[in-house]
Amino acid sequence: MRGDGDEPMSEDANVALLEKIVADQRTILAKEVNADVTKIPQVWALYKEVQDYYERGMRVPDDVTLLWCDDNWGNIRRLPTAAERARSGGAGIYYHFDYVGGPRNYKWLNTNPLTKIWEQMHLAWQHDATRIWIVNVGDLKPMEFPIEYFLTYAWAPAKWPYERIGEFSEQWAAREFGPTHASEIAALVNGYTKLNGRRKPELIEPGTFSLVNYREAERVLAEWQDLVSRAEKIEAVLPTAAHDAFFQLVLYPIQACANLNELYIAAGRNRLYSVQGRFDTNREAERARQAFDNDAALVQRFHSINGGKWNHQMSQGKFGYVNWQEPPAEVMPAVAILRPNKRAVPAIAFEGRETSWPVWGTPPPKVPSLDVYSQGSRWVELFNRGETPYTFTAVADQPWLKVTPSSGTVLETVRIEISADWSAVPVGNTTAKVTFKPDQGRPLTVTVPIVNPAELRPGSFDGFVEIDHHVAIEAPHFSRAIGDTQTAWHTLPDFGRTLGGVTTSPVLAEPRTPGGDAPRLEYDIHFFSAGEAKVEFQVAPSLDFQPDEPLRFAASFDDEAPQIIRVGTNPNEWEPWGTAVSDGVRRVFSTHQLKGAGRHTLKIWAVTPGVVLERIIIDTGTGRFSGVRPSYLGPVESPRAGTGK
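Quick note: the sequence shown uses my numbering, first residue 95, plus one each step.
In structure tokens form, the structure reads like this:
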């Protein structure tokens, strides 16, 4: 029972009124159904503020099932305590695949990875919240895959451990499309759901993914384009009779979500390019418009297949959100239109900065460092602020510095990759320069830091290496996982936003005291700097599902005392809960002092079960020279030296 307009009742009326409602309902049931009211199945849904009534002391008879709920975003708010597990009515779970409400509605397509469903419902099973499971799916049509998984797992949780998620997916694909391509189809469905789970489509905006740091927007688009290519290849070889089903279940969500990401990234480029004055600002505006039109064409195909059986099914809006509620119509993000100079105006943009050069007050171009461990490349972009092309040549001041391409013509943006021939780079840290000489205007020079230290040669150390004032680590890439008879570590492949997660079992274990020989993950890292290290831990956005036992772990370097770190959020508090569910990850932090450069070991100590660690990002920058640049997913994983990489 809720208040008028599906809102909470007033504080002074709610508990007393609800207790009277429950008593009256049971009186009616005893009179009309069975005089022994305990024989009648009854459920009390502890949804939103109703859970608060329970926590403040409201109770129902022991035979009533307590239906615990998630936060509407797939994170269970509460699970039975040991005492509550003894109730005769037992407990259940009300879960969500779809929601109307803040931070934003998510109603369009499936955004629920099976890995996340398993992790949360496994907790429910282990805590004996098994009397009834309900999942709010919104529309049945786009949720066939997760619905079947949810019900299959509910029927026999012990039969479906985490390791069998892939097997379930392949069985589903084989039943629908035959065994020949079942493995690939399963990978496609889980693949697009994983990418949607990073951030739900309704929450993506032009600035979500960085255009200048860690090649983030490019990597996101490449992941989507890979799924599109693979899905289209499967469609081409499936029997014609399977095409409609394949489009609805596999191809449409992949094409439509890839297109949505392309639209927002194009709109983001348009805005960045307009600030930089690039000639191709208008090209990115046109790309965004084309993607907006492509979306309409994909929707039309969905609505017309099978004689229009599913007409209007994909009319759900996803573009143009400005608050939690969906817009009244699809609205393309705003784009800028630029009137370029008539003459050629050479300029340069460079990795790591949204600024361009030459601009008054902007420091000369400098890209992030090249290092001997990852042996990658850095990019700069020559562009034109005018509509007349110009030509250029590039000259490096070191023979081992490679520039590709080293000459060309620039009307629209030309991406140039800078790398090194490491077999010829002298040992030691230094800088190199590349000068771009346009046939019009002045030369443009870019500084390239080179990291090739004498004290740590590739292969001389087994672990991660600090580069560019930071270290980024995927949690499953630990150096050692140390458990004991009470606590074991488990890797959850493909969990979360990137590679996977690491958690502990059993989930009913008592909290552990960190330190000494207690269970821990260890990560060996070589630092070139000493002093303050700020550590960001990206963990699953789980809630404190036990009333007196907040989720937590501990962290330390080397032999220092572990720092206890709280993980869970409170959905009654907009921050940090709203940020965590929007981002699909919770960020928590600790700060440490590294006594010297060289090898250190980061230790992650188990405290409570239910914590899933996904990534670790260590920032060793100082002052305004932060080692971690802005992005959504964070830096790509740092290089590893040695045989264990």
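Here a beta-carbon is modelled for each residue, glycine too, at the ideal position from N, C-alpha and C.
Test item: CB-CB of residue i and residue j under 9 angstroms
i: F477; j: I442; result: yes
i: T334; j: N204; result: no
i: I619; j: V559; result: yes
i: E708; j: A634; result: yes
i: M215; j: A180; result: no
i: I348; j: L297; result: no
i: G577; j: V706; result: no
i: Q370; j: T449; result: yes
i: T747; j: Y617; result: Residue 747 cannot be examined here, being either before or after the span of the chain that is shown, 95 to 739.
i: V679; j: N169; result: no
i: D677; j: R293; result: yes
i: V466; j: W516; result: yes
i: F191; j: I241; result: yes
i: T175; j: I226; result: no
i: S468; j: S732; result: yes
i: L637; j: G610; result: no
i: P300; j: N364; result: yes
i: P427; j: F413; result: yes
i: G557; j: G736; result: yes
Contacting residues, own chain, Cβ-Cβ under 7 angstroms from residue i (five flanking each side not counted)
i: T581; result: T598, A603, R606, P613 and A700
i: A385; result: N353, E356, L357 and A360
i: P729; result: Y308, H564, A566, I711 and V722
i: Y346; result: L392 and F396
i: T132; result: D157
i: A339; result: E270
Residue environment, residue i, which counts as buried when at least 16 other CB atoms sit within 10 Å
i: P520; result: exposed
i: L392; result: buried
i: V545; result: buried
i: T302; result: buried
i: T714; result: buried
i: K210; result: buried
i: A110; result: exposed
i: L234; result: exposed
i: I659; result: buried
i: T685; result: exposed
i: P656; result: buried
i: R574; result: exposed
i: G401; result: exposed
i: E378; result: buried
i: L140; result: buried
i: A330; result: exposed
i: N128; result: exposed
i: D164; result: buried
i: K327; result: exposed
i: E261; result: exposed
Beta-carbon contacts of residue i that lie in its chain and below 8 angstroms, excluding the five residues immediately before and after
i: L173; result: W162, A185, L217, A218, H221, A223, F639 and Q640
i: C351; result: L203, Y286, L289, N290, P295 and W318
i: P724; result: S304 and N307
i: V601; result: H216, L217, Q220, H221, P703 and G704
i: L432; result: Y367, S368, G371, R372, F373, T375 and N376
i: P421; result: G411, F413, G414 and Y415
Same chain, Cβ closer than 6 angstroms to residue i, five either side skipped, listed in chain order
i: I228; result: Y188
i: Y484; result: A438, P440, V504, P532, D533 and Q534
i: S554; result: none
i: T507; result: D374, E475 and F477
i: K739; result: Annotation note: pLDDT 49 at K739 (below 50); position unreliable, coordinate value reported separately. Excluding positions up to five away in sequence, the list is empty.
i: G232; result: D192 and K201
i: P670; result: T663
i: E630; result: R681, F683 and I711
i: I134; result: L123, V127 and N128
Any C-beta of chain B under 9 angstroms from that of residue i
i: R509; result: Included in the structure is just one protein chain, with no chain B present.
> Would you call the stretch 191-210 and the stretch 318-337 touching, i.e. three or more CB-CB distances under 8 angstroms?
Replying inline: no
> Could you give the uninterrupted runs of the beta strand (DSSP E) lying entirely in the stretch 507-557, keeping only those of 3 residues or more?
Replying inline: 508-514, 524-532 and 538-545
> Looking at C-beta atoms only, is the number of pairs between the stretch 522-535 and the stretch 487-505 that lie closer than 8 angstroms three or more?
Replying inline: yes
>> Quick test of the definition: if touching needs 3 or more C-beta pairs under 8 angstroms, does the stretch 640-657 touch the stretch 679-694?
In response: yes
> Is there contact between the stretch 414-424 and the stretch 457-466, where contact requires at least three CB pairs shorter than 8 angstroms?
Replying inline: no
>> Assess contact between the stretch 396-412 and the stretch 496-505, defined as three or more Cβ pairs (one per stretch) separated by less than 8 angstroms. Is contact present?
In response: no
> Enumerated in chain order, which unbroken segments of the alpha helix (DSSP H) with a length of 4 residues or greater are wholly contained in the stretch 179-244?
Replying inline: 208-220
>> Suppose only complete runs of 4+ residues qualify. What are the alpha helix (DSSP H) ranges in the stretch 434-516, listed by chain order?
In response: none
> How do the stretch 140-157 and the stretch 106-123 stand: do at least 3 beta-carbon pairs fall below 8 angstroms, yes or no?
Replying inline: yes
> Which runs of the beta strand (DSSP E), 3 residues or longer, sit entirely within the stretch 113-167?
Replying inline: 137-139 and 159-163
>> Suppose only complete runs of 4+ residues qualify. What are the alpha helix (DSSP H) ranges in the stretch 636-697, listed by chain order?
In response: 668-677
> If you scan the stretch 250-317 from start to end, which runs of the alpha helix (DSSP H) of 4 or more residues do you find wholly inside it?
Replying inline: 259-271 and 276-292
> Hey, which unbroken runs of the alpha helix (DSSP H) at 4 residues or more fall wholly within the stretch 344-397?
Replying inline: 346-370
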